[in-house]
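Position 151 (the sequence shown) corresponds to 179 in our numbering; numbering is contiguous. Heads up, the beta-carbon is just placed ideally off N, CA and C, and yes, glycines get one too. Here's the structure, in C-alpha cells; my notes come after.
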Amino acid sequence: MSEAADLPWKQLGMDCIEWYNSNTLLVEIYYERMNHQVLTESPSYSLVNLVSDIGGQVGLFLGMSIISLLEFATLILLLCCYCGTHKSRKRDIEEIENSSKLSTVRSLTLLLNTIRPRVLRRLKGTGKQLISERESMEKATLLFRLRSSLQIEDRCPM
Numbered sequence: 029m030s031e032a033a034d035l036p037w038k039q040l041g042m043d044c045i046e047w048y049n050s051n052t053l054l055v056e057i058y059y060e061r062m063n064h065q066v067l068t069e070s071p072s073y074s075l076v077n078l079v080s081d082i083g084g085q086v087g088l089f090l091g092m093s094i095i096s097l098l099e100f101a102t103l104i105l106l107l108c109c110y111c112g113t114h115k116s117r118k119r120d121i122e123e124i125e126n127s128s129k130l131s132t133v134r135s136l137t138l139l140l141n142t143i144r145p146r147v148l149r150r151l152k153g154t155g156k157q158l159i160s161e162r163e164s165m166e167k168a169t170l171l172f173r174l175r176s177s178l179q180i181e182d183r184c185p186m
C-alpha cells in the first residue's frame with residue numbers, strides 16, 4: 029500500500045491520465061523521404077590482402093636472391109674454368125717463348141757464321157787466334173740463355 033502513495037500523481041492528488049496529460053510532450057517527426065541508410069564499418073585492409081601483399085614481397089625478394097645466387101654460382105664456375113686452363117695457358121706461353129728462343133739461337137748461329145770469316149780475316153793481321161766454332165756456339169748459347177733467364181726473372185718477380 030505504501031507503493032500506491034509513492035506514485036507521483038497520488039502525491040499531487042491527481043488522476044493518472046491528468047498527470048500524463050500535463051507532464052508529457054508529443055513530438056511529431058515527419059520524414060521528407062522514406063529512405064533509410066545503413067552505415068557499416070569494415071576494415072579497409074583485410075587479412076587476406078595483408079597476407080597476399082606479404083607473400084608478394086617475399087616472393088620478390090626471394091626471386092632476387094635466387095638470381096644473385098645463380099650469378100655467384102656462374103662466377104665461381106667461370107673462376108674454376110679459368111684456373112683449370114691457366115696451367116695449360118702458362119704452358120703454351122712457355123712453349124711460345126722457348127720457340128722464339130730457339131729461333132733467336134738459330135738466327136744468332138747464322139749471324140756468327142756470316143761474321144766468322146770477317147773476324148778471321150781481321151784476326152790474321154793481329155796474330156791472335158779465334159776459338160773453335162763449337163766453343164763459340166756453346167758460349168753464344170750460354171750467354172743467350174743467361175740473358176733470357178735474367179729477362180724472365182725481371183718480368184716475373186718472385
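* **Straight-line gap, Leu97 to Thr137 (C-alpha atoms, nearest Å)** => Their backbone Cα atoms lie some 59 Å apart in a straight line.
* DSSP state of Asp43 mapped onto helix, strand, coil -> In the three-state reduction of the DSSP assignment, Asp43 falls in the coil class, being assigned neither a helical nor a strand state.
* Excluding the five sequence neighbours on either side, which residues of its own chain have a C-beta within less than 6 Å of the C-beta of Pro185, listed in chain order? -> Any answer about Pro185 is weak, because its pLDDT of 48 lies below 50 and its placement is not dependable; what the coordinates show is given next. For Pro185, there are no CB contacts under 6 Å within the same chain when 5 residues up- and downstream are skipped.
* Asked: Alpha carbon to alpha carbon, how far is Thr113 from Lys167?
  -> Going by the C-alpha atoms only, they are around 37 Å apart.
* Asked: Under the three-state reduction of DSSP, which class applies to Ile57: helix, strand or coil?
  -> DSSP places Ile57 in coil when its eight states are reduced to three.
* **Whole-angstrom distance between Phe172 and Arg146, CA atom to CA atom** => Distance between the alpha carbons of Arg146 and Phe172 is about 22 Å.
* Helix, strand or coil at Glu99 [DSSP, three-state] -> DSSP places Glu99 in helix when its eight states are reduced to three.
* To do: Whole angstroms is fine: what's the gap from Pro36's alpha carbon to Ser50's?
  => One C-alpha to the other measures close to 12 Å.
* Asked: DSSP three-state call for Asn51: helix, strand or coil?
  -> The answer is helix: DSSP assigns Asn51 an H, G or I state.
* Beta-carbon spacing of Trp47, Leu40 below 9 Å -> Less than 9 Å separates the beta-carbon of Trp47 from that of Leu40.
* To do: Can you grab the Cα-Cα spacing for the pair Glu17 / Leu170, in whole Å?
  => Since the displayed the chain opens at 29 and closes at 186, residue 17 lies outside it and no answer follows.
* So what's Glu69 in DSSP terms, helix, strand or just coil? -> The three-state secondary structure of Glu69, taken from DSSP, is coil.
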